[in-house]
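Chains as they are written, first to last, in the UniProt record's numbering: chain A, 1 to 293; chain B, 1 to 1176. The structure appears below as structure tokens.
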Amino acid sequence: MDLPADLPLYSLTGMGKVGRRPKQVSCSQSQATLLSIFSQEYQKHIKRTHAKHHTLEAIESYYQRYLNGVVKNGAAPVLLELANEVHMEKVLPFPLLAFMDNIKECVCYYDLVTEWQIRVQPEKVTKSSKSVINSMLRDPSQIPDGVLANQVYQCIVNDCCYGPLVDCIKHAIGHEHEVLLRDLLLEKNLSFLDEDQLRAKGYDKTPDFILQVPVAVEGHIIHWIESKASFGDECSHHAYLHDQFWSYWNRFGPGLVIYWYGFIQELDCNRERGILLKACFPTDIVTLCHSVA
Amino acid sequence: MVNQWMMRAGKPDNPGEAATLNSLQPLRKEFVPFLLNFLREQSSRVLPQGPPTPAKAPGASAALPGRPGGPPRGGRGRGGRGPGLEEAISGESLPWAGGRRLRGSSSPDSSSLARSDPPNLSNLEEFPPVGSVPTGRAGTKPSRRINPTPVSEERSLSKPKTCFTSPPISCVPSSQPSVLDTSPWGLGLPPGCRSLQEEREMLRKERSKQLQRSPTPACPTPDSGSPLPSRTGRLTAEPADPARVSFRQRLELVAHVYSSCIAENLVPNLFLELFFVLQLLTARQMVAVKDSDVEPNQGVLDSLESPLFQSIHDCVFFAVQVLEHQFQVLSYLDKGTLKLLAENERLLCFSPALQGRLRAAYEGSIAKVSLAMPPSAQAVSFQPETDNRANFSSDRAFHTFKKQRDVFYEVLREWEDRHEEPGWDFEKGLGSKIRTMMGQLSVACSHSHFVRLFQKQLLQMCQSPGGTGGMVLGEALDVLSMLGADKLGRLRRLQERLVAPQSSGGPCPPPTFPGCQGFFRDFILSASSFQFNQHLMDSLSLKIRELNGLALPQHEASDEDGESDVDWQGERKQFAVVLLSLRLLAKFLGFVAFLPYRGPEPPPTGELQDSILALRSQVPPVLDVRTLLLQGLQARRAVLTVPWLVEFLSLADHIVPLLDYYRSIFTLLLHLHRSLVLSQESEGEMCFLNKLLLLAVLGWLFQIPTVPEDLFFQEDGQLDAFEVDIVASEHGLDSVPVVDQQLLYTCCPYIGELRKLLASWVSGSSGRSGGFVRKITPTTTTSLGSQLPQTSQGLQAQLAQAFFHNQPPSLRRTVEFVAERIGSNCVKHIKATLVADLVRQAESLLQEQLVMQGQEGGDPAQLLEILCSQLCPHGAQALAQGREFCHRKSPGAVRALLPEETPAAVLSSAENIAVGLATEKACAWLSANITALIRREVKAAVSRTLRAQGPEPAARGERRGCSRACEHHAPLPSHLISEIKDVLSLAVGPRDPEEGVSPERLEQLLGQLGQTLRCRQFLCPPAEQHLAKCSVELASLLVADQIPILGPPAQHRLERGQARRLLHMLLSLWKDDFQGPVPLQLLLSPRNVGLLADTRPREWDLLLFLLRELVEKGLMRQIEIEACLGSLHKAQWPGDFSEELATLFNLFLAEPHLPEPQLRACELVQPTRGTVLAQS
């Protein structure tokens, strides 16, 4: 089989993985940060070019190429190569496929599966077909067409920035850091309410942890802590500010955000306003002293 | 005689005199304005260089702020005044009457007085920036005097009209034009200034320009401080010498009469008069007057042609005389003002006795008015009780409000950042954003939620003095005096920036929205939402009623010990908080309520006005303030009610005071004003500072441009009939010293102008050092006292009331507080115990139902009904449990909070009452709400369960944690998923020929997977799900021999033994370590089975082995596997593959279920099948 020209980079990511163990901070730190940054940049690119591949003409032409490809050889990585080609125009040569927006849709497998549905089982195309298709993408075994199922599965396991597996990895990393943070809070004897407890109480916005008794970090009072297992770049930080951090401030007052993979220093400009950024669990914590009578 | 005339009727010493005086009563109201105008005019030569000066004619509250540019209209005014004057003085032969006559008949520049014709201190744009040459001005404005109004034309000539028409006192200096424009609706045009149309138009243009320039009208322009430096730079004060006073006797007499007017509250604004007097005291220079004109006829008392003040000496003498009369008021001013007064060398020179008293007052004063630090914006915290989903009608409303809260704060933050930037405009910057947000508030319930947020944020940000943007006093002046005069120049500029913008703009500023209040006002204006305004008014009215009716603890002056002191601080603080909140709320209520009626155009007159009156008089008031006022007066709570009412009225439009309803309110207020005689201090009388506060706010109100100028004096006739039926107990709030200087100055920052005036004298007169540093105490916001629970009627309640009557108030507060809290905690406790138990029962019942009825579980609504009918009856236990809780908890809390020394009987009574109140509260709530509560919680639980039943049943299963010894060192789930994904992608391809995995690596990976699954620390359900899925995929690849193995090129495949070992590992992981479901049926999905189709030769034994093991380990049932195999036939396969599949199926079915021989049996089959396959 011909090797893609982009193998070196692919190997790099294969080496680095998206996952990283939060406890072993050291040599892998910079690499993990690098990966996090790369992943964010890549997603931005996908979003930028998303619309281009979603025109009817484009989809039709992809579908024809796919059909021609699999007729020739169903075992060849037709869909994968198609996806790579589509995305290699401007970005780094990277064997990534599947542009997914908000982790739900992707041009290649999504549209092809839709196309397949419409052609092969027109009677099944209903309003809910989108969710059916999404479910197929999560679990290709549900795709009745064996060849397409294999093609899609191949895309999923080779995709390093998108797709259900990568989503899960990202989710797991986020969760692991939350657990880590919870342990640290317990270790420091800081009582808190976690997201689940808050949700159960009916809070409409829930940071990872709300401190039941506020503390001061580096002289700033904080009421809540949010853990972010990613690199805090300008774009994502502003989105987070808008969607999450300010909302927390609006409800609970000032708080702390930990970007475990670091952040752009200049973004830490809202300290006075009540959003504090750190790249690790703070050491300078002052708690309320109960006077001993 | 004159003095007695000034006093209220019935007081004179003998009946005959009284009769005479009574007959003269109607004249009094004409005399007073005359006197005030006269004094202002007389002083005009002295004060032109004065600092921001009030208008000369109190009571003549014509338009000041709206009319900086008014033309000279002295001619008409003066013409009108003559007759009135004469009438006023006829029969009294007042010594200065001649002076008036002279003025009235003389042309502006023919009399000596005219030359120094008052620069109309009130009309401050006539009052050029202080730096300009005074003498030049004196000549240019001879006729600038009075602004006659149609009102005066309509009245009989016999009445003194002009006094009502001079600009009102609250003038701000011309150098502060923006202060005049602080209100967006053009306050301040006097009724019927028709001749002013043009100027008004110009003014309007100018104002709109200014509004665009500076959208925060709260801040006067920065040059407002400029008069001070320029004056200090140029003018040195003439020395004043007591020996050189002319007409001493005459001055004494006028001072006496004037003081009586002040003491009897015949003047509209006490502090304005004080300000005027202090201006006289600190006058620097007399405008040059030709000797021939002044020509004092020494010793001739009735030389009425001569001016009252012939020299600085006269002014100072007069001022000191008045101050001596007003010592009592002065002694209640803040310490800083007292100090400046006591240190005033002129005062020392003219009246060492007064100086001594002031010094003593200063030394004894503790009335330090502290500078509150402006609080930074704090958000209203999210409270699940009021803010969670249960409080909204639909998910959509809930989520809409969620977004709105965020947009609201976004807007607020942007305002905070930018409102001080030049050129930034609220409407341009935020208007459309606000309207978009308001547009989303479709549901009425969302409006009320938003309004609640808005109102809470308003109170939070603006309640404290700092939030109003007003530094209470010119604090910086202390710093200045401390540093000495030489540094003044530089510091002055700092002060201009820091202090002047915060200053209240003269002794009588128009209503403004300083600081953060500006945000809320502009928000309302920009939102321009009818619904929002209506909800806001509803909410404000409700809150005002609630706070106004708050049972504020009453202080008994004779409380036994020092303990009362502590309580007292708290009570005073609470009062201040409530009062300031009320004022703020009332101000915004007034703003919104009268918003539709206000506009920049002049108030209508004549027929138009009548028709508007007819229309408006049938509109019910937004809040029945008259009743509240009457109730307040009757319950002797005027000190609470009047200040907020004044705020409310200050934002009324011009028509409002003409409406019967509001007119009667003004009448009541005028009566009240007259009755607040400061010198009367008797038992049960209102406290001095309470009175002072009311006088200050009422005086201010009477100067508001929208209040008719004649109002104050018109009502005079009926005043003595004023009596309020006091129905409530003799211990009203009014007689409790709830007001202190801090509160007084916070509510009336314009009183601080007195101190600024004195301070500017100091800084201007000499290089003075010394002084004191003021300690800055940041105030903390205290929460509002919660509304005390309404106790039930009945004898028990009466007994409880009686019990408290003779106890210190803190006891009652404690008991009520404990009862309130325990009652509330009781409800929470019941929720957490009884209701939570019922919910758990509901969940298990539901599980049973689901098992019985299969996965669908039936209609959720029906399920809920079934559950509720079973569970709700248990709610009855709540009352018993609640009672028990209150009994258990209340006594301890009471005991902990009351002093140790509380007598046992008192203690136990207090405990019992607390228990009773708490139980009552809790049970009332529980009996009304428990069923609904159970329903709601069960409903939530049902939907939770049903949801969980769906996609992720695993989440519901019981989960094991790590073992106790676990140190959580297992590989992280994310890491493992990533590793397995790499293997999968290698296996699925595309790949490099050299790429592959070693069998050891695979084994290690599965080992790590086991570790991770056994340490649950970092594992979340989705991760476990994916690990399970990946492990199944891995098994399929193993079975199909699709994993590229590293090693010698020839051997790229896994040995069968190795494959089995790995499959065994997987089986045991599935069996023992996965806690969630493993999608094993995927092993037989067409796609995975299809993997076998690609292998040559096909190997089925591993699959068969795996299937058997699955059954063996109980991971899958035989039937399930058969079903899967059966459905495989439906897929399209190559012909030979279908055959082999069928063979496998038969083999699987044929094999007996034997524990041991299984493996062997499989191997036995192998050769046979192998040959079959080889042949194919």
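Every residue, glycine too, gets a C-beta built ideally from N, C-alpha and C.
Chain-ordered neighbours of Val-827 (chain B) on chain A, where CB pairs are closer than 9 Å: By Cβ distance, chain A contributes nothing, its closest Cβ being about 15 Å from Val-827 (chain B), past 9 Å.
Cys-161 (chain A) classed as buried or exposed, judged by whether at least 16 other C-beta atoms fall within 10 angstroms: So Cys-161 (chain A) counts as buried.
Bridge partner(s) assigned by DSSP for Ala-216 (chain A): DSSP lists A:Ile-221, A:Val-286 as partners of Ala-216 (chain A).
Nearest residue (CA-CA) to Arg-583 (chain B), options B:Asp-334, B:Leu-694, B:Leu-347: That would be B:Leu-694, whose Cα lies nearest to the Cα of Arg-583 (chain B).
Cβ-based burial, residue 1187 (chain B) [other Cβ within 10 Å; buried from 16]: With chain B running from 1 to 1176 in the structure shown, residue 1187 (chain B) is simply not present.
Spatially closest choice to Phe-454 (chain B) from B:Arg-389, B:Ile-930, B:Arg-521, B:Pro-1086, by CA coordinates: The shortest C-alpha separation from Phe-454 (chain B) is found at B:Arg-521.
Alpha helix (DSSP H) segments (min. 4 residues) lying fully within the region 413–469 of chain B: Counting only runs of 4 or more, we get 426–440, 444–462.
Backbone CA spacing between Gln-1118 (chain B) and Pro-140 (chain A) [nearest angstrom]: Taking the straight line joining both Cα atoms gives about 25 Å.
Nearest neighbour of Pro-1025 (chain B), chosen from A:Glu-81, A:Arg-138, A:Gln-43, A:Asn-68 [CA to CA]: Just to set this straight, residue 1025 (chain B) is Gln in the shown sequence, not Pro. Selection A:Glu-81, A:Arg-138, A:Gln-43, A:Asn-68 evaluated against Gln-1025 (chain B) yields A:Arg-138 as nearest (Cα-Cα).
Nearest candidate by alpha-carbon position, reference Glu-979 (chain B), set B:His-969, B:Pro-511, B:Leu-630, B:Leu-1006: Ranking B:His-969, B:Pro-511, B:Leu-630, B:Leu-1006 by Cα distance to Glu-979 (chain B) puts B:Leu-1006 first.
Beta-carbon separation (whole angstroms), Gln-460 (chain B) vs Val-380 (chain B), contact threshold 8 Å: Cβ-Cβ separation between Gln-460 (chain B) and Val-380 (chain B): approximately 6 Å, consistent with a contact (criterion under 8 Å).
Cut-off 6 Å between Cβ atoms - residues of its own chain near Thr-283 (chain A), not counting five sequence neighbours on either side: For Thr-283 (chain A), there are no CB contacts under 6 Å within the same chain when 5 residues up- and downstream are skipped.
Near the ligand COA: Gly-1010 (chain B) beta-carbon under 7 Å from a heavy atom: Absence of the ligand COA is noted for the structure shown, with no ligands found whatsoever.
8 Å CB neighbourhood of Leu-758 (chain B) in its chain, flanking five on each side removed: Excluding residues within five positions, the ones whose Cβ falls inside 8 Å are Leu-278, Thr-282, Thr-337, Leu-340, Leu-341, Asn-344.
Cutoff 8 Å: Gly-219 (chain A) Cβ touching any chain B Cβ: Judged by the 8 Å Cβ criterion, Gly-219 (chain A) is not in contact with chain B.
Chain-order list of residues whose beta-carbon lies under 6 Å from that of Arg-199 (chain A) (same chain, five-residue window excluded): Closer than 6 Å at the Cβ level, and outside the excluded window around Arg-199 (chain A), lie Thr-206.
Secondary structure of Glu-176 (chain A), DSSP reduced to three states: Shown here, Glu-176 (chain A) sits in a helix according to DSSP, grouped into three states.
Min CB distance Asn-929 (chain B) to chain A below 8 Å: No, its Cβ sits nowhere closer than 8 Å to a Cβ of chain A.
Pro-602 (chain B) to Pro-511 (chain B) span [Cα, whole Å]: Those two C-alpha atoms are separated by around 18 Å.
Cutoff 6 Å; reference His-325 (chain B); Cβ partners in own chain excluding five residues on either side: Counting only Cβ-Cβ distances below 6 Å, and skipping sequence neighbours, we find Ser-259.
Bridge partner(s) assigned by DSSP for Ile-1045 (chain B): According to DSSP, Ile-1045 (chain B) bridges with B:Val-997.
Simplified DSSP assignment, three categories, for Asp-204 (chain A): In this structure, Asp-204 (chain A) counts as coil in the three-state DSSP scheme.
First through last residue of the beta strand (DSSP E) which encompasses Asp-194 (chain A): For Asp-194 (chain A), the enclosing beta strand (DSSP E) stretches over residues 192–194.
Helix, strand or coil at Glu-226 (chain A) [DSSP, three-state]: Of the three classes helix, strand and coil, the one that applies to Glu-226 (chain A) here is strand, per DSSP.
Beta-carbon proximity check, Met-686 (chain B) vs Val-738 (chain B), cutoff 8 Å: Contact: no.
Neighbour flag for His-238 (chain A) against chain B, beta carbons, 8 Å: Not one chain B Cβ lies under 8 Å of His-238 (chain A).
Run of the beta strand (DSSP E) containing Leu-256 (chain A), from where it starts to where it stops: Leu-256 (chain A) -> beta strand (DSSP E) spans 255–259.
At least 3 beta-carbon pairs within less than 8 Å: the region 230–240 of chain A vs the region 183–197 of chain A: Flag = no, the region 230–240 of chain A and the region 183–197 of chain A do not touch.
The region 585–594 of chain B contacting the region 535–549 of chain B, beta-carbon criterion three pairs below 8 Å: Three or more beta-carbon pairs separated by less than 8 Å link the region 585–594 of chain B to the region 535–549 of chain B, which places the two stretches in contact.
Contacting residues, own chain, Cβ-Cβ under 8 Å from Phe-594 (chain B) (five flanking each side not counted): Correct list, in chain order: Leu-651, Ala-652, Asp-653, Val-656.
Exposure of Val-300 (chain B), with buried meaning 16 or more beta-carbon neighbours within 10 Å: Confidence is the limiting factor: at Val-300 (chain B) the pLDDT is only 44, short of 50, which leaves the residue's position unreliable and the question unanswerable from this model.
Cβ distance (whole Å) where Ala-905 (chain B) is taken to contact Ala-819 (chain B) below 8 Å: The Cβ separation is near 19 Å, so there is no contact.
Short CB-CB distance (under 8 Å) between Gly-989 (chain B) and chain A: It does; some Cβ of chain A falls within 8 Å.
Any C-beta of chain B under 8 Å from that of Ala-32 (chain A): No, because no Cβ of chain B sits closer than 8 Å to the Cβ of Ala-32 (chain A).
DSSP three-state assignment for Leu-276 (chain A), whether helix, strand or coil: For Leu-276 (chain A), the secondary structure class from DSSP, reduced to helix, strand or coil, is strand.
Assumed close pair Leu-165 (chain A), Val-152 (chain A) - CB separation to whole angstroms, cut-off 8 Å: Not a contact, Cβ separation roughly 12 Å.
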